[in-house]
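K.L.:
The structure's right below; bear with me while I get my questions together.
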């Protein structure tokens, strides 16, 4: 599906049917050229937009919610926009609608929802959360758990906010170095806006942009001009990559590489429409991929899942560890505090 012949044509169309409250985040930092260009486009379209993004580059953090243990910045922020010693959370000196926080992208989502908004924008509730556009694509289920862009997105989805992750194929650039509309960051923002605008315009006023628990992952190929690439409905799996540890004998250290041949595990498709092309293949062929995901990670109700549970069926039905599954649906949660993965991590 193509929305228009050129990105310029998309932008020249009438403004969106209804103005939304939009929360912007990313993992590249609040000074990202891609982020600021999308911010400008959304503002120009009449949306009320706030940025709450990391004070420094935070790629590869996934959904890790890591909060600063210091009340102030121990070093200057990205591109020296904010000096060392400033509060760990605050605004850009030139735009009070752009906030930074010295934490991971997911932490920025939570700081936005639980500190910035209730304290400084009471009554302001996000209708939509956007993360990106990222520098570089975020393709496939392995990167879904690795990417800070996706982490910021599913953190918002977990809090009942419709959210879209946006990733492009351009290099990192400070926002103040984007000086014309043909800059790769500007092109990435225009393509991102074209997809976001379509989601908004196809939503009835007052309705949710996405169903509860749903998010969207958008990936954009390298752009050379204002031509809008084909936009393709896709899935996370399918020709997707996963990592291999590469050992450097000389340095005695490891780095990552892409496993060859492609791993079957990361490409096993059980959910959704397995006939759709994988987003990795779509972008490799010059298209913009649009994949839907849900926050429900449970295995589907298929024979394979039954096979897994059957292996421990005797524990479910008898013995000291036995239980009646239906009973757990009605019992209140235990009063005692239960240890979580985070408790273990902090020990």
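Residue numbers (mature numbering (1 follows the signal peptide of the UniProt record, and there is no 0)): -19 to -1, 1 to 328.
Ideal placement from N, C-alpha and C gives every residue a C-beta, glycine not left out.
Every value quoted in this text rests on a predicted model; they were computed, and no experiment measured them.
(1) Excluding the 5 residues flanking residue 289 on each side, which residues of the same chain have their C-beta closer than 8 angstroms to its C-beta?
(2) Of the residues 293, 197 and 12, which one's Cα is nearest the Cα of residue 370?
(3) With respect to the alpha helix (DSSP H) encompassing residue 298, which residues constitute its N-terminal and C-terminal limits?
(4) Among all the DSSP beta bridges, which residues are the ones paired with residue 229?
(5) Can you give, in chain order, each stretch of the alpha helix (DSSP H) that sits fully within the segment 83 to 142 and has at least 4 residues?
(6) For residue 271 versus residue 214, is the C-beta spacing smaller than 9 angstroms?
(7) Are residue 81 and residue 35 touching if we call contact CB-CB under 9 angstroms?
(8) Note down the Cα distance separating residue 86 from residue 48, rounded to an integer number of angstroms.
(9) When you compare only the Cα positions, how much space is there between residue 105 and residue 21?
(10) For residue 173 and residue 166, I'd like the C-alpha separation in whole angstroms.
(11) Who pairs with residue 259 in a beta bridge, going by DSSP?
(12) Mind checking whether residue 200 and residue 149 have CB atoms under 9 angstroms apart?
(13) What residue range is occupied by the uninterrupted beta strand (DSSP E) comprising residue 4?
(14) For residue 122, count the other beta carbons within 10 Å of its own beta carbon; 16 or more makes it buried, fewer makes it exposed. Which is it?
(15) Roughly how many angstroms separate the alpha carbons of residue 112 and residue 91, rounded to a whole number?
P.N.:
Working from what's here:
(1) On the chain shown, position 308 is the one that residue 289 refers to. Closer than 8 angstroms at Cβ, skipping near neighbours: 280.
(2) With the chain covering -19 to 328 only, the question about residue 370 has no answer from this structure.
(3) Working through the chain shown from its first residue, we reach residue 298 at position 317. Where residue 298 is concerned, the enclosing alpha helix (DSSP H) stretches over 294 to 298.
(4) For the purposes of this step, residue 229 is taken as the residue at position 248 of the chain shown. Answer is 234.
(5) 86 to 92, 98 to 101, 121 to 127 and 129 to 139
(6) Translated into the one-based positions of the chain shown, residue 271 becomes position 290. Translated into the one-based positions of the chain shown, residue 214 becomes position 233. If you check the CB distance, residue 271 and residue 214 come in under 9 angstroms.
(7) For the purposes of this step, residue 81 is taken as the residue at position 100 of the chain shown. For the purposes of this step, residue 35 is taken as the residue at position 54 of the chain shown. The answer is yes: Cβ separation under 9 angstroms.
(8) Looking up residue 86 in the chain shown gives position 105. Looking up residue 48 in the chain shown gives position 67. C-alpha separation (whole angstroms): 10 angstroms.
(9) One-based indexing of the chain shown puts residue 105 at position 124. One-based indexing of the chain shown puts residue 21 at position 40. Their Cα atoms are separated by approximately 20 angstroms.
(10) Numbered from 1 along the chain shown, position 192 holds the residue referred to as residue 173. Numbered from 1 along the chain shown, position 185 holds the residue referred to as residue 166. Looking at the two C-alpha atoms, the distance is approximately 11 angstroms.
(11) Numbered from its first residue, the chain shown carries residue 259 at position 278. Bridge partners of residue 259: 216.
(12) As a working note, residue 200 is residue 219 in the chain shown. As a working note, residue 149 is residue 168 in the chain shown. Their beta carbons are under 9 angstroms apart, which means residue 200 touches residue 149 by this criterion.
(13) The residue labelled residue 4 in the question sits at position 23 within the chain shown. 2 to 6 is the extent of the beta strand (DSSP E) around residue 4.
(14) Sequence index remark: in the chain shown, residue 122 carries index 141 (1-based). Flag for residue 122 reads buried.
(15) Counted from its first residue, the chain shown places residue 112 at position 131. Counted from its first residue, the chain shown places residue 91 at position 110. Straight-line Cα distance between these residues: approximately 13 angstroms.
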